[in-house]
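Protein chains in written order, with numbering that gives the first Met the number 0: chain A, 0 to 298; chain B, 0 to 436.
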Amino acid sequence: MKRVFGYFVLWYFLFSFAIQPLNLYAEEKTDSTATPVESRMALNYLCTADSTMLTATLSIKKGEVSLALEHAMVEFSVVNGETSMVLGKAKTDQEGIAVLKVPIAGLTGDKEGLVAYSAKFTATGNYPAAEASFSAKPAKIRLFFSIEDSLHILKVTATQKNEKGEEVAIPKETVFIYIPRLFSLLKIGEIALDENGTGTLEFPKEIVGDTLGNLVVIAKIEEHDIFGFAQGQNLINWGVHKQYYKAEVPSRELWTPIAPMWMIITLLVMLAGVWAHYMYAVYELVMIKRLSKKDKPLF
Amino acid sequence: MELQQKDPLREFAPQLERTSILGYAWIVFLLGVIGLGFYAFLSQVWYGHEVTGMRDNVVWGVYIVNFIFFMGISYAGALISGTLHLFKTAWRKPIIRMAEFITIIALLIGPCFILLCIGRLDKLHYLVLFGRIQSPITWDVIAITTDIFGCFIFLYLSLLRDLATLRDDELLQLPNWRKKLYKVLALGYTGLPEQQQRLNRATDIMAAMVIAIAIIVYSVLAWIFSVTLQPGWHSTIFGPYFVIAAVYSGSAVLILCMWAFRKVYHLEAYITKKHFVAVGVIMLVLAAFFGYFTFSDYLTKWYGSEKNDELLIQLLFKKFYWPFIISNYIGVLLPLLVVGIARFRTIRNITLTAVVVVIALWLNRYIIVVPTLESPYLPIQDSRPEWFSYSATWVEWSLTAAGVAIFCLLFTVASKFITIVPVTGLSGEEKKEDVLV
Numbered sequence: 000m001k002r003v004f005g006y007f008v009l010w011y012f013l014f015s016f017a018i019q020p021l022n023l024y025a026e027e028k029t030d031s032t033a034t035p036v037e038s039r040m041a042l043n044y045l046c047t048a049d050s051t052m053l054t055a056t057l058s059i060k061k062g063e064v065s066l067a068l069e070h071a072m073v074e075f076s077v078v079n080g081e082t083s084m085v086l087g088k089a090k091t092d093q094e095g096i097a098v099l100k101v102p103i104a105g106l107t108g109d110k111e112g113l114v115a116y117s118a119k120f121t122a123t124g125n126y127p128a129a130e131a132s133f134s135a136k137p138a139k140i141r142l143f144f145s146i147e148d149s150l151h152i153l154k155v156t157a158t159q160k161n162e163k164g165e166e167v168a169i170p171k172e173t174v175f176i177y178i179p180r181l182f183s184l185l186k187i188g189e190i191a192l193d194e195n196g197t198g199t200l201e202f203p204k205e206i207v208g209d210t211l212g213n214l215v216v217i218a219k220i221e222e223h224d225i226f227g228f229a230q231g232q233n234l235i236n237w238g239v240h241k242q243y244y245k246a247e248v249p250s251r252e253l254w255t256p257i258a259p260m261w262m263i264i265t266l267l268v269m270l271a272g273v274w275a276h277y278m279y280a281v282y283e284l285v286m287i288k289r290l291s292k293k294d295k296p297l298f
Numbered sequence: 000m001e002l003q004q005k006d007p008l009r010e011f012a013p014q015l016e017r018t019s020i021l022g023y024a025w026i027v028f029l030l031g032v033i034g035l036g037f038y039a040f041l042s043q044v045w046y047g048h049e050v051t052g053m054r055d056n057v058v059w060g061v062y063i064v065n066f067i068f069f070m071g072i073s074y075a076g077a078l079i080s081g082t083l084h085l086f087k088t089a090w091r092k093p094i095i096r097m098a099e100f101i102t103i104i105a106l107l108i109g110p111c112f113i114l115l116c117i118g119r120l121d122k123l124h125y126l127v128l129f130g131r132i133q134s135p136i137t138w139d140v141i142a143i144t145t146d147i148f149g150c151f152i153f154l155y156l157s158l159l160r161d162l163a164t165l166r167d168d169e170l171l172q173l174p175n176w177r178k179k180l181y182k183v184l185a186l187g188y189t190g191l192p193e194q195q196q197r198l199n200r201a202t203d204i205m206a207a208m209v210i211a212i213a214i215i216v217y218s219v220l221a222w223i224f225s226v227t228l229q230p231g232w233h234s235t236i237f238g239p240y241f242v243i244a245a246v247y248s249g250s251a252v253l254i255l256c257m258w259a260f261r262k263v264y265h266l267e268a269y270i271t272k273k274h275f276v277a278v279g280v281i282m283l284v285l286a287a288f289f290g291y292f293t294f295s296d297y298l299t300k301w302y303g304s305e306k307n308d309e310l311l312i313q314l315l316f317k318k319f320y321w322p323f324i325i326s327n328y329i330g331v332l333l334p335l336l337v338v339g340i341a342r343f344r345t346i347r348n349i350t351l352t353a354v355v356v357v358i359a360l361w362l363n364r365y366i367i368v369v370p371t372l373e374s375p376y377l378p379i380q381d382s383r384p385e386w387f388s389y390s391a392t393w394v395e396w397s398l399t400a401a402g403v404a405i406f407c408l409l410f411t412v413a414s415k416f417i418t419i420v421p422v423t424g425l426s427g428e429e430k431k432e433d434v435l436v
């Protein structure tokens with residue numbers, strides 16, 4: 000017994016030594032996971048006809064892993080010279096995105112009309128502060144629809160405000176035209192604006208709309224040095240009417256509520272057959288047990 | 000010939016009554032490896048699956064490979080023991096219990112690897128609550144559960160005669176609790192003609208059932224892969240291919256068990272060269288079938304030149320060159336040469352070949368699972384090379400080693416509980432006929 004105990008003690012020590020490198024590895028891993036956390040923020044801007052949508056994306060970087068920071072409060076403000084005006088606050092969602100929509104009216108820019116926006120996350124707990132800013136001049140894009148010689152014509156105008164607050168054309172810019180589809184925007188064309196900030200496009204007739212043929216048409220100025228992202232949209236029933244097709248044959252997709260009948264029957268027959276044999280074997284064991292009470296052992 | 004004059008139970012009594020120092024050392028060593036696995040498991044629970052090599056793309060790794068491997072040898076044990084029993088093969092008795100133990104022990108370990116692979120174990124019961132019959136995963140859960148019950152019943156039926164013998168033997172020096180346990184488990188079996196008749200009938204039926212279930216259950220496991228459209232998996236021959244690979248790897252594991260127990264318990268008189276050659280021949284035939292299925296599977300893929308299949312085959316011949324060669328060439332040809340040529344047919348050579356076959360078949364499952372997941376269909380945004388490339392970590396290797404150690408430990412414990420060779424059948428004339436084939 001002493002020798003057995005001795006072996007146990009020996010193996011315990013051997014195992015302890017063997018596991019030591021793993022412990023060190025685990026500690027190193029713990030140290031590496033304790034590397035400083037870095038907060039990162041990106042600010043996106045979208046100007047629509049009457050409002051500005053500010054989107055801040057907040058993430059933290061820990062080693063090589065980047066994660067979205069959820070439930071963080073982001074403060075949006077507009078900066079004019081040395082003064083700053085808070086526009087509002089919003090919490091980030093599970094993707095680390097906080098959105099604030101503010102009316103354009105009342106936003107003041109610098110001499111050239113550029114409005115400086117900033118988004119700020121104040122340091123909390125383990126996460127350091129982060130800030131991002133963006134400057135853009137508000138722009139307004141309008142869409143008009145007309146039919147000329149049986150052709151569908153889309154007309155786009157883009158305007159900005161001058162120093163006096165008057166609306167003036169945005170000349171010689173490119174506007175991209177999109178139709179929203181299920182997963183993303185479908186680009187259907189580009190319009191080069193003339194001196195008057197106006198441009199036209201022959202609208203395609205084969206685009207599928209909803210059951211009434213309605214289409215949402217979006218016109219965008221994208222990644223512009225002055226205007227940033229500006230967007231206008233309108234609704235028109237120029238689309239092909241969507242027809243819903245109902246499959247006549249029952250589908251076998253994984254999300255169908257019930258399995259195909261042949262599958263259920265096959266499974267039940269097989270399981271019943273197998274378990275019936277099991278039951279029979281167990282029954283035989285029970286009978287063997289009962290028989291033992293009737294007679295003496297043979298061996 | 001001296002063997003025939005002795006009571007076989009007397010020869011196996013030391014195996015049941017006491018454990019040598021080396022035996023204890025072996026058990027402590029296994030517990031040490033299992034402890035290492037437990038430490039790895041705790042790391043995985045604490046840090047999450049980040050500590051494994053599995054990522055968004057390669058979501059299955061060594062754990063699934065181990066699952067397939069252990070389930071394979073389990074089904075092989077069932078198939079071999081069931082077939083040997085049904086055909087009343089003369090030389091079966093010294094090795095049939097090992098095959099039965101392989102079945103049960105591997106069947107208990109295999110599904111544990113699936114549990115290690117699941118990220119949200121707290122939602123495991125959803126499989127029962129919301130399991131859908133259309134899902135191959137549900138088929139597998141039902142099949143494995145059914146198989147476990149069937150194999151336990153078959154094993155119990157096979158043990159019943161020996162349990163009665165152990166209960167009735169007064170010379171055995173065993174603790175009281177063990178004698179009581181034998182008494183309860185023996186179910187009052189005394190060898191009455193009607194009892195024998197019922198036991199034989201039940202055992203025959205269950206032998207046939209475990210064969211059928213083993214084939215179906217392992218086919219279900221294969222269908223989990225083949226019903227998907229993934230390159231390398233979507234194959235109509237995956238069911239029989241998996242069954243053949245399973246029995247092939249199981250026959251090799253059986254040879255290793257035979258060799259180990261022959262050495263440890265000095266069973267040279269019971270497990271002879273003829274047994275090694277007999278199981279070796281089974282291994283040879285299965286090697287030929289395995290080679291045929293492998294060739295057939297890859298040939299049709301290669302000839303079809305479907306883009307993704309072609310990419311996969313290129314990957315197999317480049318990044319996975321050695322695992323591919325070992326599993327599909329060396330693993331097939333070596334048994335054909337060693338068992339096929341009479342002068343190479345020694346116990347040592349057959350055992351070494353079995354080691355190679357076990358490694359080859361493990362690698363075979365690896366190159367079925369990993370390369371396919373490393374060549375996904377969909378282009379993925381923000382992809383990084385490490386997401387496409389799988390490499391098992393120390394956590395996965397430790398848990399793999401722990402799985403093997405648990406297999407060995409349970410086998411050791413089982414051999415302490417009941418004789419590794421059925422003793423009831425090895426008496427008098429029957430013994431002479433069975434052993435000295």
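The beta-carbon is built from N, C-alpha and C at its ideal position, and this holds for glycine as well.
In the displayed model, A:S38 falls within a strand according to three-state DSSP. Counting only the Cα atoms, A:T156 lies some 10 angstroms from A:V167. Following the DSSP letters along the chain, one finds B:Q313 inside the alpha helix (DSSP H) bounded by residues K306 to K317. The beta carbon of A:A157 sits no closer than 8 angstroms to any beta carbon of chain B. Looking at the backbone, the Cα of A:S38 and that of A:T47 are separated by about 29 angstroms. For B:F153, the enclosing alpha helix (DSSP H) covers residues P135 to D167. Counted as a single uninterrupted DSSP element, the stretch harbouring B:M53 is not any alpha helix (DSSP H), since DSSP gives it neither H nor E. In the DSSP annotation of this structure, the continuous segment of the beta strand (DSSP E) that includes A:L66 starts and ends at V64 to A67. Only residues of its own chain outside the window of five on either side were considered, and among them none has a CB closer than 6 angstroms to the CB of B:L114. Within the stretch 240 to 315 of chain B, the complete alpha helix (DSSP H) segments of 4 residues or longer fall at 272 to 303, listed in chain order. A:Y116 sits close to A:V77, with the two beta carbons spaced by under 8 angstroms. When DSSP reads this structure, B:T82 sits in no beta bridge, so it has no partner. For the pair B:L83 and B:R91, the CB atoms are nearer than the 8 angstroms cut-off. The beta carbons of A:L42 and A:S132 sit closer together than 8 angstroms.
By the C-beta criterion, the stretch 221 to 234 of chain A is judged not to be in contact with the stretch 190 to 210 of chain A, since fewer than 3 inter-stretch pairs fall below 8 angstroms.
At a cut-off of 8 angstroms between beta-carbon atoms, B:M205 makes contact with chain A.
With respect to B:G249, B:G81 sits apart: the two C-beta atoms are not nearer than 8 angstroms. Taken through DSSP and simplified to helix, strand or coil, B:I95 comes out as helix. For the stretch 187 to 219 of chain B, the set of positions with a beta-carbon nearer than 7 angstroms to some beta-carbon of chain A reads G187, Y188, T189, G190, L191, E193, Q194, R197, L198, R200, A201, I204, M205, M208 and I212 in chain order. Residues G238, P239, F241 and V242 of the same chain have their beta carbon placed closer than 8 angstroms to that of B:S218, with the five preceding and five following residues left out of the count.
The beta carbon of B:F100 sits closer than 7 angstroms to those of F410 and A413, all from its chain and outside the five residues before and after it, given in chain order.
Counting every other CB atom within 10 Å of its CB across the protein chains shown gives B:K273 a total below 16, marking it as exposed.
By the rule that beta-carbons nearer than 8 angstroms mark a contact, A:K292 touches chain B. Looking at the backbone, the Cα of B:G290 and that of B:N348 are separated by about 20 angstroms. DSSP, read as helix, strand or coil, puts A:V77 in strand. Counting other Cβ atoms within 10 Å of its Cβ, A:K219 reaches 16 or more and is therefore classed as buried.
The residue from B:R342, B:T51 and B:W25 with its alpha-carbon nearest to that of B:T392 is B:T51. When B:M53, B:R131 and B:E373 are compared, the shortest CA-CA separation from A:P259 is found for B:R131.
Rounded to whole angstroms, B:N327 and B:L255 show a C-alpha spacing of 21 angstroms. Using a Cβ-Cβ cut-off of 7 angstroms, A:M286 is close to R197 of chain B, given in chain order. Contact of A:L113 with chain B is not assigned, every C-beta pair being separated by 8 angstroms or more. Straight-line spacing of the CA atoms in B:G60 and B:Y389 works out to 7 angstroms. Against A:M262, the close residues of chain B are I132 and Q133, in the order they occur along the chain (beta-carbon pairs closer than 8 angstroms). Nearest in C-alpha terms to B:F153, of all of A:H276, A:L290, A:K292 and A:M286, is A:H276. A:A280 has a beta carbon lying within less than 8 angstroms of a beta carbon in chain B. The secondary-structure analysis by DSSP pairs B:H233 with nothing; it has no beta-bridge partner.
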